[in-house]
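The structure appears right after this line, and notes come after that.
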Amino acid sequence: MSLNDLKPGQSGKVISVAGQGAIRRRLLDLGIRSGETIKMIKAAPLKDPLEISLGNGHISIRRSEAALIEIKVVS
-18 MSLNDLKPGQ
-8 SGKVISVAGQ
2 GAIRRRLLDL
12 GIRSGETIKM
22 IKAAPLKDPL
32 EISLGNGHIS
42 IRRSEAALIE
52 IKVVS
């Protein structure tokens, strides 16, 4: 399941981050790493970008980037 599949209000634990080069480095620099918990806050009206909660902050990422993040839903 990718981060794209989370609904607003749901949380998930990062299993892996796919991708290569600058995109993967950007996601890792944002703090998106295996074991981190991410909460979906909302999607923009046209579904792109997504607002997520990670640690103590909120960040926005593109749907194409969210597709690279494999997660497991947590309750």
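Under this note's numbering, think of the first position of the sequence shown as -18, with each following residue one higher. We treat Cβ as the ideally placed atom computed from N, Cα and C, and that holds for glycine. Remember, it's a predicted structure, so these values are computed and weren't measured experimentally.
(1) Identify which residue in Gly2, Glu32, Met(-18) and Ile(-4) has its Cα closest to the Cα of glycine -10.
(2) Anyone know if the C-beta pair for leucine 9 and isoleucine 52 falls short of 8 Å?
(3) Can you check the region -17 to 27 for any alpha helix (DSSP H) of at least 4 residues that lies completely inside it and give the ranges in chain order?
(4) Tell me leucine 31's beta-bridge partners as DSSP assigns them.
(5) Just tell me which of Ser45, Leu27, Ile22 and Ile40 has its CA closest to the CA of lysine -12.
Reading off the structure:
(1) Glu32
(2) no
(3) 2 to 10
(4) Ala24 and Ile42
(5) Ile22
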